[in-house]
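Here the structure is laid out as structure tokens; the discussion comes afterwards.
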Amino acid sequence: MNAPTKIDTGAEALMATAIRVLAMDAVQAANSGHPGMPMGMADVAAVLYNRFLNVDPSCPTWQDRDRFVLSAGHGSMLIYAINHMLGYADMDMDQVKNFRQWGYRTAGHPEYGHADGIETTTGPLGQGITTAVGMALAERMHNARFGDDLVDHYTYVIAGDGCLMEGISHEAIDMAGHWGLGRMIVLWDDNKITIDGSTELSTSVDQLARFAAAQWHVQSVDGHDREAVAAAIEAARNDPRPSLIACRTVIGQGAPNKAGSHKVHGAPLGAEEIAATRAALDWPHEAFTLPKAVYDAWGAVAARGRAAREGWEARLSVSEQAGAFERSIAAPDKAALAAAIDAYKAKLSAEAPKVATRKASEMALEVVNATLPNTAGGSADLTGSNLTVTAGMQPMSKDNYGGSYIHYGIREFGMSAVMNGIALHKGFVAYGGTFLVFADYARPAIRLSALMGLPVTYVMTHDSIGLGEDGPTHQPVEHLASLRAMPNLNVFRPADVVETAECWEIAATASTTPSLMALSRQNLPCLRTAHTAENLVAKGAYVLREADGARDVTLIATGSEVEIAMKAADLLAEEGIKAAVVSAPCFELFAGQDAGYKAAVLGSAPRVGVEAAVEQGWAALLGERSAFVGMSSFGASAPAETLYAQFGITPAAVAAAAKKLMK
Numbered sequence: 001m002n003a004p005t006k007i008d009t010g011a012e013a014l015m016a017t018a019i020r021v022l023a024m025d026a027v028q029a030a031n032s033g034h035p036g037m038p039m040g041m042a043d044v045a046a047v048l049y050n051r052f053l054n055v056d057p058s059c060p061t062w063q064d065r066d067r068f069v070l071s072a073g074h075g076s077m078l079i080y081a082i083n084h085m086l087g088y089a090d091m092d093m094d095q096v097k098n099f100r101q102w103g104y105r106t107a108g109h110p111e112y113g114h115a116d117g118i119e120t121t122t123g124p125l126g127q128g129i130t131t132a133v134g135m136a137l138a139e140r141m142h143n144a145r146f147g148d149d150l151v152d153h154y155t156y157v158i159a160g161d162g163c164l165m166e167g168i169s170h171e172a173i174d175m176a177g178h179w180g181l182g183r184m185i186v187l188w189d190d191n192k193i194t195i196d197g198s199t200e201l202s203t204s205v206d207q208l209a210r211f212a213a214a215q216w217h218v219q220s221v222d223g224h225d226r227e228a229v230a231a232a233i234e235a236a237r238n239d240p241r242p243s244l245i246a247c248r249t250v251i252g253q254g255a256p257n258k259a260g261s262h263k264v265h266g267a268p269l270g271a272e273e274i275a276a277t278r279a280a281l282d283w284p285h286e287a288f289t290l291p292k293a294v295y296d297a298w299g300a301v302a303a304r305g306r307a308a309r310e311g312w313e314a315r316l317s318v319s320e321q322a323g324a325f326e327r328s329i330a331a332p333d334k335a336a337l338a339a340a341i342d343a344y345k346a347k348l349s350a351e352a353p354k355v356a357t358r359k360a361s362e363m364a365l366e367v368v369n370a371t372l373p374n375t376a377g378g379s380a381d382l383t384g385s386n387l388t389v390t391a392g393m394q395p396m397s398k399d400n401y402g403g404s405y406i407h408y409g410i411r412e413f414g415m416s417a418v419m420n421g422i423a424l425h426k427g428f429v430a431y432g433g434t435f436l437v438f439a440d441y442a443r444p445a446i447r448l449s450a451l452m453g454l455p456v457t458y459v460m461t462h463d464s465i466g467l468g469e470d471g472p473t474h475q476p477v478e479h480l481a482s483l484r485a486m487p488n489l490n491v492f493r494p495a496d497v498v499e500t501a502e503c504w505e506i507a508a509t510a511s512t513t514p515s516l517m518a519l520s521r522q523n524l525p526c527l528r529t530a531h532t533a534e535n536l537v538a539k540g541a542y543v544l545r546e547a548d549g550a551r552d553v554t555l556i557a558t559g560s561e562v563e564i565a566m567k568a569a570d571l572l573a574e575e576g577i578k579a580a581v582v583s584a585p586c587f588e589l590f591a592g593q594d595a596g597y598k599a600a601v602l603g604s605a606p607r608v609g610v611e612a613a614v615e616q617g618w619a620a621l622l623g624e625r626s627a628f629v630g631m632s633s634f635g636a637s638a639p640a641e642t643l644y645a646q647f648g649i650t651p652a653a654v655a656a657a658a659k660k661l662m663k
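Numbering (UniProt numbering) for the sequence shown: 1 to 663.
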């Protein structure tokens, strides 16, 4: 455990003042933004970086760096100011001057991948602190595998009142406390101000009591007393529990007329108040001009981080575990998994098992988890339904960070944000399960997975009215359409055991795209009984059954409805109508194919789409001469067979729709 750095308190005050002036000047130049939080938390941030936090701007991604998450992402100028002064190569003063402008890295909220030193995208309140739980969990799990010499860092969070009001924060603190994540320290900007005004308008929660009840170590300090802040951080680092430090601050600290008011939360101070603030802070420098002493002080922080990084690299270079460690943070072995899945597919095609695709997912996961050494699976309390655990997986707990299966509890949103944190930390390939209908609970974190380009996998079972008797509250109808509308998310709905294996090969080796699998509860026949080495799901859609001669109609289906389309093609054949059947397990991957391939798959004949969901999103596949057989209402409670008949999703209905198009 690294000891805190002894510091020059005069330099530290200068470091904090520099954060304040850069924040107010950048927001003023942009004529938009949030100066209040960076100014209010400047003292806390200066202490954290100056005395404790280890990062190295010359090597921003070294694996054992401390992680800093600005959960209150609206205060983004805090981290941009700090990263500029630390010397990150991509954060020169021109970036700060052009805060919130097109083509610059200084976006309104911090965006992962846009600038070095941004550990996660934040802004949607509550997600930052929860993603940080995932980082802190991954640190402990990685430490259990590689020891203190290679994995020994902290996850620090600055959170605001809004982060702690959002419901996901309860999921986050419950998980962190239950898992005993003592390397996680949250610095709460306790300024008692929200956009509407005082927090008294909307909350009376005793946050210290709430965190303490969740097994956290809690403290409260004056956020402008730097020695008190330092003592609190040191105490937090020495406690085995995750820690909350309530930092009582004044929003907009330093602005003589607007500090302490909600008016400084999300608007420029104005030229007059900025001039008054410069005078109050005894800051004679022009906007975007910093004295050498500021850069020297922040440069000392960077130098300390560089020394820590070099020491870690020296330890790694002589470690017997160096190879395994580097493989754990590298991309998954695509060749090894492709070979394993190919052999597995050949066996499936020969045996043709009839299983639900949720079971097919479990079977494929046995191959994935046996091939990739660092998967971290889990479920939001639906392990026995999602079938996300495989042979040999042990539950992760505060007594066994070496486990690889995470019981997330009934926390779909929290699970998803934690998986984002695990992916961002690196070291593990993360997947987690729930029912597809509960994608609504998880959606904001799925969206950030897609926005950040994180290759996490969402295993979502009970994907249609086919789940039966649990009824419309648990039967997803509109969910596929809404998820397909999300950029950079691959939504897979496999038709059988072979397609499911191919989905897993794609998902487990993805690099910049999350995957979501919509899997059936009911058993489905194996339709791919002739082995194909090529991963056909990677095409997004393909011809499963070609017509005997020129097509009269093309039937396009996904998931459990591909079987229905195949039977409809048989019915049409009895009447001399030549129907091709296209399986379309992933609309997104199909959209990425070249025009010639898409034309060959879809053909020029009329088309019928078949899916036990709403039609929205099907237009690109169906074209003008088309029909759709699916849902236009919520489902109902009854056996699956009854529901498919009552809602008209049957081979006869598909055949009838096809014949109507041909008149």
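Cβ coordinates follow ideal geometry from the N, Cα and C atoms, glycine included.
A contact is defined here as three or more CB-CB pairs under 8 Å, and the segment 123-132 meets this definition with respect to the segment 66-75. Within the model, the alpha-carbon separation for Tyr542 versus Leu621 is close to 12 Å. No residue range can be given for Ile410, since it is assigned to no beta strand (DSSP E) and is classified by DSSP as neither H nor E.
Cβ neighbours of Ala340 within its own chain (closer than 7 Å, five residues either side excluded): Val367 and Thr371. In this structure, the straight-line span from the alpha carbon of Glu478 to that of Ala613 is close to 6 Å. As the crow flies, the alpha-carbon of Asp594 is around 15 Å from that of Cys586.
DSSP lists Tyr405 as the beta-bridge partner residues of Pro395. Here DSSP, grouped into helix, strand and coil, assigns Phe146 to helix. Listed in chain order, the non-local C-beta contacts of Pro525 below 8 Å within the same chain comprise Ala352, Lys354, Asp496 and Glu563, local neighbours out to five positions each way being set aside.
It is roughly 17 Å from the alpha-carbon of Ala314 to the alpha-carbon of Ser58. Pairing Leu571 with Ala580, the inter-Cα distance amounts to about 12 Å. Listed in chain order, the non-local C-beta contacts of Phe146 below 7 Å within the same chain comprise Gln321 and Phe325, local neighbours out to five positions each way being set aside. The beta-bridge partner set that DSSP reports for Ser220 consists of Ala246. Lys359 counts as buried, since no fewer than 16 other beta carbons sit within 10 angstroms of its beta carbon. Just measuring C-alpha positions, the residue of Leu86, Pro332, Leu14 and Ala565 sitting nearest Arg304 is Leu86. As DSSP reads the structure, Asp190 sits in a beta bridge with Arg248. Going by beta carbons, Pro639 and Ala568 fall outside the 7 Å limit.
DSSP lists Tyr458 and Val491 as the bridge partner or partners of Leu516. A direct Cα-Cα distance of roughly 11 Å separates Leu516 from Ala508.
Each residue's CA atom was taken as its position, placing Asp342 and Leu589 some 20 Å apart. By the Cβ rule, the segment 37-57 counts as touching the segment 225-234, because three or more pairs are nearer than 8 Å. Taking each of Asn488, Ala518, Ser511 and Ala510 in turn and checking the Cα distance to Thr500, the smallest one comes out for Ala518. Checking the DSSP bridge columns, you'll see Asn400 partnered with Ser397. Ile118 and Tyr112 have their alpha carbons spaced roughly 5 Å apart. Straight across, the Cα-Cα distance linking Tyr431 with Ala550 is about 43 Å. A distance below 7 Å separates the beta carbons of Ala138 and Gly427.
Per DSSP, the unbroken beta strand (DSSP E) holding Leu555 starts and ends at Val553 to Ala557. Looking at the backbone, the Cα of His178 and that of Thr155 are separated by about 17 Å. In the three-state reduction of the DSSP assignment, Leu348 falls in the helix class, which pools H, G and I. The closest CA to that of Arg183, considering only His34, His142, Val205 and Thr122, is found on His142. Annotated as distal: Val498 and Lys334, with beta-carbon spacing of 7 Å or more. With a cutoff of 7 Å on beta-carbon distance, Ala417 and Ala376 are scored as not near each other. By the CB criterion at 7 Å, Val629 and Val610 fall inside the cutoff.
For Gly648, the secondary structure class from DSSP, reduced to helix, strand or coil, is coil. Taking the Cβ atoms as the reference, Glu171 lies roughly 3 Å from Gly414, within the contact range of under 8 Å.
Around the C-beta of His114, fewer than 16 other C-beta atoms lie within 10 Å, and the residue is accordingly described as exposed.
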